[in-house]
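Taking our numbering, the leading residue of the sequence shown gets 2, the next gets one more, and so forth.
By construction, the Cβ of each residue, glycine as well, lies at the ideal position given by its N, Cα and C atoms.
The block underneath contains the structure these notes are about, expressed in structure tokens.
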Amino acid sequence: MTLKNMLMWDETLFRDPDVFEIDYIPDQFNYRESQMRELAFLLRPGIKGSRPLNATIKGTPGTGKTTSIKKIFADISEIKSKMIPVHINCQVENTRFMILSQIYRQIAGHNPSAAGNSYKRVFESIADILLTEDRVLLVALDDANYLLFENELNNILYLLLRSHETYPGTRIGVMVIISDMDVDLSRELDIRVTSVFSPTEVYFPPYSVTETFQILKERVLQGLYPGVLSDKNLDLIVDHTLRSGDMRVGIDMIKRAGLNAEKEAMREISEEHIHEAYKISRFLHLKYSIQALRREEKDLLRLLVDLSRKDEQLTSGQVYTIVKKKLKLGYTIYYEALRKLDTLRLINLEFRDGRGRTRLINLRYDPDKILFYL
Ligand SMILES: Nc1ncnc2c1ncn2[C@@H]1O[C@H](COP(=O)(O)OP(=O)(O)O)[C@@H](O)[C@H]1O
Ligand SMILES: [Mg+2]
Numbered sequence: 002m003t004l005k006n007m008l009m010w011d012e013t014l015f016r017d018p019d020v021f022e023i024d025y026i027p028d029q030f031n032y033r034e035s036q037m038r039e040l041a042f043l044l045r046p047g048i049k050g051s052r053p054l055n056a057t058i059k060g061t062p063g064t065g066k067t068t069s070i071k072k073i074f075a076d077i078s079e080i081k082s083k084m085i086p087v088h089i090n091c092q093v094e095n096t097r098f099m100i101l102s103q104i105y106r107q108i109a110g111h112n113p114s115a116a117g118n119s120y121k122r123v124f125e126s127i128a129d130i131l132l133t134e135d136r137v138l139l140v141a142l143d144d145a146n147y148l149l150f151e152n153e154l155n156n157i158l159y160l161l162l163r164s165h166e167t168y169p170g171t172r173i174g175v176m177v178i179i180s181d182m183d184v185d186l187s188r189e190l191d192i193r194v195t196s197v198f199s200p201t202e203v204y205f206p207p208y209s210v211t212e213t214f215q216i217l218k219e220r221v222l223q224g225l226y227p228g229v230l231s232d233k234n235l236d237l238i239v240d241h242t243l244r245s246g247d248m249r250v251g252i253d254m255i256k257r258a259g260l261n262a263e264k265e266a267m268r269e270i271s272e273e274h275i276h277e278a279y280k281i282s283r284f285l286h287l288k289y290s291i292q293a294l295r296r297e298e299k300d301l302l303r304l305l306v307d308l309s310r311k312d313e314q315l316t317s318g319q320v321y322t323i324v325k326k327k328l329k330l331g332y333t334i335y336y337e338a339l340r341k342l343d344t345l346r347l348i349n350l351e352f353r354d355g356r357g358r359t360r361l362i363n364l365r366y367d368p369d370k371i372l373f374y375l
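Quick look at the structure:
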């Protein structure tokens, strides 16, 4: 390392570190024009005061679904219209009551009164505001695959989509965003929901190599100083991003590689900095999945990690006898929690041939990595 390559202690490689943050909304947002046009078309009736058309939005993580919705919602709030768009992050708000409280907070500007401590009361207050203020409600249930447990998705959709039956005159449209391609909504939804829900499906395909390169390049130009990351090294990051299938991994890698270079007082990100960054960024999915778990689900995962250290194949039946004693969970809750861990790709649940309902349980990540994020 020559002195010329070294940074002064107060220098930074980051022109604007914020552009690498998880909730950053980029100004430049290409390759999703057709999806956004389609969504705008579905919402247009809401601007004029009628019920917007319902939509389902499908695409793997990191394909720009949330960003598209947030951009459209920002546009809506800039024009004068009767429609109030509400974005719900279902990883955080994952019960009917929590979702309704969040909707209420966003349209009323304050918490629902403690007295109305039932979902029906909160919903009544929402309907009341919509009717007295003559407003249309648009709810985006983002990452709604987190609501597939304990029937929450059916419950909330039932309430929102049939609101005009209970509160005549209310107009509510729904967008259901699903980031798990294995989920088949027509199988998950009850007949009482599907009979009033005929959504248009909008698909967000994975980005191509060129698109991924261009998107990340744009971020580099905004966030790093010129010359910090060469196109050749960016190609390396693009490879890793495509392999993980999630744009977030690429954005996170640029940030970490930049920090690694800074730590060594280098002016340029090297291949080694990128390799080091990938070792952490590749677990982004693990980190967010674990954050989305409830307490009993985390307890179960911790127990599975412990049990997996013995040299035996875990089965759902055997594990339950331990769960019953140690965690005091009922069978239904245990089974739903297992299903959730499977859907989040933290474990793999597999049927064993000819042995009834029992399933084989395998962790999808290294036990120590799981413990680290727990
Ligand atoms: N077309 C794009 N242009 C610029 N950045 C993008 C684009 N698509 C996705 N991103 C970025 O990738 C990350 C993941 O996008 P996001 O909208 O959260 O995906 P999803 O909701 O489908 O998981 C975000 O940081 C977002 O800014
Ligand atoms: Mg999203």
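Beta bridge pairing from DSSP links Gly174 with Leu139. Burial of Asp253 is indicated by the presence of at least 16 other C-beta atoms within 10 angstroms of its C-beta. Non-local beta-carbon contacts of Ala56 in its own chain, meaning distances under 7 Å to residues more than five positions away in sequence, involve Leu40, Leu43, Met176, Pro200, Thr201 and Val203 in chain order. In the displayed model, His111 falls within coil according to three-state DSSP, outside both helix and strand.
By the neighbour-count criterion, in which 16 or more other beta carbons inside 10 Å mark a residue as buried, Leu375 falls on the exposed side. For the pair of segments examined, the region 245 to 265 was found to touch the region 275 to 285: the number of CB pairs separated by less than 8 Å reaches three. Gln92 sits away from Ile58, with the two beta carbons spaced by 9 Å or more.
For Tyr120, the uninterrupted alpha helix (DSSP H) segment begins and ends at Tyr120 to Thr133. Around the beta carbon of Pro86, a 10 Å sphere encloses 16 or more other beta carbons of the protein chains shown; the residue is thus reported as buried. Around the C-beta of Arg38, fewer than 16 other C-beta atoms lie within 10 Å, and the residue is accordingly described as exposed.
Straight through space, the alpha carbons of Thr67 and Ser126 are spaced by roughly 28 Å.
By the 16-neighbour rule on beta-carbons within 10 angstroms, His111 is exposed.
Contact residues of ligand 2 (beta-carbon closer than 7 Å to any heavy atom; chain order) are Pro62, Lys66, Thr67, Asp143, Asp144, Ile178 and Ser180. When Cβ pairs closer than 8 Å are counted between the two stretches, the region 130 to 140 is seen to touch the region 75 to 85, the count reaching three or more. Between Ile173 and Ser164 the beta-carbon gap is near 5 Å, inside 8 Å, which marks them as a contact. In summary, Pro206 is exposed, with fewer than 16 beta-carbon neighbours lying within 10 Å of its beta-carbon over all protein chains present. According to the DSSP assignment, Ala56 belongs to the beta strand (DSSP E) that extends over Ala56 to Lys59. By DSSP's assignment, His88 forms a beta bridge with Ala141. Per DSSP, the continuous alpha helix (DSSP H) segment holding Glu34 begins and ends at Glu34 to Ile48. For Tyr289, the uninterrupted alpha helix (DSSP H) segment begins and ends at Leu285 to Gln292. Per DSSP, the continuous alpha helix (DSSP H) segment holding Phe74 begins and ends at Lys66 to Glu79. Counting every other CB atom within 10 Å of its CB across the protein chains shown gives Ala75 a total below 16, marking it as exposed. Secondary structure of Thr201 (DSSP, three-state): strand. In the displayed model, Arg295 falls within coil according to three-state DSSP, outside both helix and strand. Thr13 is not bridged by DSSP to any residue. Short of 8 Å from the beta carbon of Gly246, and not among the five residues preceding or following it, lie these beta carbons of its own chain, in chain order: Thr61, Pro62, Gly63 and Pro207. Secondary structure remark: continuous alpha helix (DSSP H) runs of at least 4 residues inside the region 305 to 353, in chain order: 317 to 327 and 332 to 344.
Closest in C-alpha terms to Gly259, from the list Ala338, Leu162, Phe284 and Arg220, comes Arg220. Taken through DSSP and simplified to helix, strand or coil, Arg360 comes out as strand.
Of the heavy atoms belonging to ligand 1, at least one sits nearer than 8 Å to the Cβ of Gly60. If you compare the alpha carbons of Ala262, Thr242 and Tyr321 with that of Arg283, the shortest gap goes to Thr242. The three-state secondary structure of Ile179, taken from DSSP, is strand.
Straight-line measurement puts the Cα of Leu328 at about 11 Å from the Cα of Arg303.
Look at the beta carbons and you see the region 17 to 35 not touching the region 143 to 160: under three pairs across the two are nearer than 8 Å.
Selection Phe373, Leu54, Tyr168 and Asn146 evaluated against Arg346 yields Asn146 as nearest (Cα-Cα). Cβ contact annotation for Ser114 (same chain, cutoff 6 Å, sequence separation greater than five): none.
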